[in-house]
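Quick notes on the structure that follows.
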Amino acid sequence: MNDRSWSDFFDFATTSDLLQRDFVQQALIALILLGLLGGLLGPLVVSRQMAFAVHGTAELSFTGAAAALLVGVGVNVGGVVGSIIAAVIFGLLGNRARDRDSVIGVVMAFGLGLGVLFIALYGRPGTGFNLLAGQVVSVGTRGLTAVVVTTVIVVVVLAVIYRPLMFASTDPRVAEALGLPTRTLSVVFAVLLGASVAQCVQIIGALLVMSLIITPAAAAARITSNPAKVVLASIVFAEVAGVGGVILSLAPGLPVSVFVTTISFLIYVVCRLVGGRRQRTAGRVAG
């Protein structure tokens with residue numbers, strides 16, 4: 047029987063007490079870092095029209111993690127390997143927009159089916175649910191270390207290649223004509239994206255990765271066209287969704303993913319309304 051009530055959402059004493067626990071603090075740090083990754087990578091994903099590829103990468107990270115469970119290897123290692131392989135495949139298909147989505151759909155469906163098979167053979171369906179829906183409150187020291195290392199690598203590499211990568215993402219034909227190594231940049235970006243998605247899958251689940259990578263970036267693009275401001279707004283939105291999701295979930299004891307996705311969606315709706323209003327106002331002024 048469900049004994050929760052609306053007052054549980056405003057039980058600040060319980061929230062304050064839980065915030066002192068190590069596992070909650072680890073979850074907050076993990077979500078802060080994932081928010082940073084999502085905010086940095088999201089605008090590039092959106093400009094490269096790879097939103098569906100992110101979803102496919104997350105699903106195949108689940109497959110890699112499930113395979114790792116079956117053979118007795120670390121889940122994080124399996125998830126990273128699965129997602130990087132998927133991201134590289136999808137990245138190499140990036141210039142073939144005509145059949146990109148269909149190929150991603152075919153590979154993703156096959157990979158997800160394999161993941162279900164691996165979980166069934168492993169014999170613990172609950173573990174498969176955690177991989178799909180996330181287990182943020184059980185990040186642990188090892189999981190947090192993996193997120194920290196991934197974040198440092200992604201930030202350092204992006205700092206080196208961000209400008210040519212952004213150019214290649216927004217206008218690939220001109221970038222290629224100017225001699226930029228667009229294929230190499232695509233592969234490097236795919237590896238960074240795959241590693242980041244794998245960490246997101248471990249924390250918030252394969253089904254919810256887009257709420258930290260795609261939705262904040264899509265919301266930011268609605269309120270500004272300045273690339274730097276889009277990245278900044280995307281990071282802020284992802285952090286608000288991630289950290290806010292953890293804090294709001296503590297008192298009622300509900301899954302973190304529910305609040306992360308809800309906050310992210312509400313931010314997008316507000317930004318869409320604000321952006322539409324600005325466009326209408328600009329149109330009247332121009333007219």
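According to this note's numbering, the sequence shown holds residues 47 to 333 in order. From the three backbone atoms N, C-alpha and C, an ideal C-beta is built for every residue, glycine too. If you're wondering where the values come from, they're calculated on a predicted model, not measured in any experiment.
Exercise. How big is the Cα-Cα spacing for Pro218 and Thr228?
Worked result: Taking the first residue of the sequence shown as position 1, residue 218 is located at position 172. Taking the first residue of the sequence shown as position 1, residue 228 is located at position 182. Roughly 7 Å separates the two Cα atoms.
Exercise. On the three-pair Cβ rule with 8 Å, is the region 123 to 133 touching the region 72 to 79?
Worked result: Here the region 123 to 133 makes no contact with the region 72 to 79; the two share fewer than three CB pairs at distances below 8 Å.
Problem set entry | Pick from Ile165, Arg318, Leu80 and Val234 that is closest to Met212, judged by C-alpha positions | The residue given as residue 212 occupies position 166 in the sequence shown. Closest option to Met212, Cα to Cα, is Val234.
Exercise. Can you tell me the Cα-Cα spacing of Leu278 and Ser310, whole angstroms?
Worked result: To locate residue 278, count along the sequence shown from 1; it is residue 232. To locate residue 310, count along the sequence shown from 1; it is residue 264. CA-CA distance, Leu278 to Ser310, rounds to 15 Å.
For this session: Report back the beta-carbon spacing between Ile250 and Val316 to the nearest angstrom; my notes put them in contact at under 8 Å.
Result: Here residue 250 refers to the residue found at position 204 of the sequence shown. Here residue 316 refers to the residue found at position 270 of the sequence shown. Not quite, the Cβ-Cβ distance comes to about 22 Å (not below 8 Å), so this is no contact.
For this session: Just tell me which of Gly322, Gly321 and Leu296 has its CA closest to the CA of Thr60.
Result: By one-based count along the sequence shown, residue 60 stands at place 14. Checking every option, the nearest Cα to that of Thr60 belongs to Leu296.
For this session: Measure the C-alpha to C-alpha separation of Phe58 and Cys246 and round it to an integer number of angstroms.
Result: Along the sequence shown, one-based indexing puts residue 58 at 12. Along the sequence shown, one-based indexing puts residue 246 at 200. Going by the C-alpha atoms only, they are around 28 Å apart.
Exercise. What are the start and end residues of each continuous alpha helix (DSSP H) run of 4 or more residues lying completely inside the region 103 to 171, in chain order?
Worked result: You should have 121 to 138 and 143 to 168.
For this session: Please name the residue, chosen from Val152, Thr109 and Pro89, that lies closest to Leu160 on a Cα-to-Cα basis.
Result: Here the question's residue 160 lines up with position 114 in the sequence shown. Among Val152, Thr109 and Pro89, the Cα nearest to that of Leu160 is on Thr109.
Exercise. Any chance the region 163 to 172 sits against the region 126 to 135, with 3 or more Cβ pairs inside 8 Å?
Worked result: Between the region 163 to 172 and the region 126 to 135 there are fewer than three C-beta pairs closer than 8 Å, too few to call the two in contact.
Problem set entry | Cα-Cα separation, Gly128 to Leu319 | Taking the sequence shown and counting its residues from 1, one reaches residue 128 at position 82. Taking the sequence shown and counting its residues from 1, one reaches residue 319 at position 273. One C-alpha to the other measures close to 38 Å.
For this session: Taking the CB atoms as reference points, tell me whether Ile259 and Val91 lie closer together than 8 Å.
Result: By 1-based counting over the sequence shown, the position of residue 259 is 213. By 1-based counting over the sequence shown, the position of residue 91 is 45. For Ile259 and Val91, yes; Cβs fall inside 8 Å.
Exercise. When you compare each of Leu224, Ala244, Ala214 and Arg188 to Val336 by their alpha carbons, which one comes out closest?
Worked result: This structure gives no information on residue 336, because the portion of the chain shown stretches from 47 to 333.
For this session: Measure from the alpha carbon of Ser264 to the alpha carbon of each residue in Gln248, Val282 and Ala252, then state which is nearest.
Result: In the sequence shown, counting from the first residue as 1, residue 264 sits at position 218. The sequence shown places Ala at residue 264, rather than the Ser named in the question. Just measuring C-alpha positions, the residue of Gln248, Val282 and Ala252 sitting nearest Ala264 is Val282.
Exercise. Distance, Cα to Cα, Ile150 vs Arg170?
Worked result: The residue given as residue 150 occupies position 104 in the sequence shown. The residue given as residue 170 occupies position 124 in the sequence shown. One C-alpha to the other measures close to 28 Å.
Problem set entry | Under the three-state DSSP convention, the category Asp68 falls into | What you label residue 68 is simply residue 22 of the sequence shown in a count that begins at 1. The answer is helix: DSSP assigns Asp68 an H, G or I state.
Problem set entry | Extent of the continuous alpha helix (DSSP H) run through Ser232 | The count along the sequence shown starts at 1 and reaches residue 232 at position 186. Taken as a continuous stretch (DSSP letters only), the alpha helix (DSSP H) holding Ser232 covers Thr228 to Ile250.
Exercise. CA-CA distance, Arg268 and Leu82?
Worked result: Here residue 268 corresponds to residue number 222 of the sequence shown, with the count starting at 1. Here residue 82 corresponds to residue number 36 of the sequence shown, with the count starting at 1. Near 19 Å, if we compare the C-alpha coordinates of Leu82 and Arg268.
For this session: Could you give the DSSP three-state label for Gln95: helix, strand or coil?
Result: For this step, residue 95 is matched to residue 49 along the sequence shown. Here Gln95 carries a coil assignment [DSSP, helix/strand/coil].
Exercise. From Leu239 to Ile130, what distance separates their C-alpha atoms?
Worked result: Here the question's residue 239 lines up with position 193 in the sequence shown. Here the question's residue 130 lines up with position 84 in the sequence shown. Counting only the Cα atoms, Ile130 lies some 8 Å from Leu239.
Problem set entry | Start and end residues, alpha helix (DSSP H) containing Ser215 | Here residue 215 refers to the residue found at position 169 of the sequence shown. Counting along the chain, the alpha helix (DSSP H) containing Ser215 begins and ends at Gly186 to Thr216.
For this session: Tell me whether the beta-carbon of Leu86 lies closer than 8 Å to the beta-carbon of Leu204.
Result: Position 40 of the sequence shown, counted from the first residue, corresponds to residue 86. Position 158 of the sequence shown, counted from the first residue, corresponds to residue 204. Yes, these two residues count as a Cβ contact at 8 Å.
For this session: Leaving out five residues on either side along the sequence, give the residues of the same chain with a beta carbon under 7 Å from the beta carbon of Thr197.
Result: Within the sequence shown, residue 197 is the residue found at index 151, counting from 1. Within the same chain, Thr197 has close Cβ partners Leu79, Leu82 and Leu83.
Problem set entry | Chain-order list of residues whose beta-carbon lies under 6 Å from that of Ala221 (same chain, five-residue window excluded) | One-based indexing of the sequence shown puts residue 221 at position 175. Cβ neighbours of Ala221 beyond the five flanking positions: Phe213, Ala214 and Thr228.
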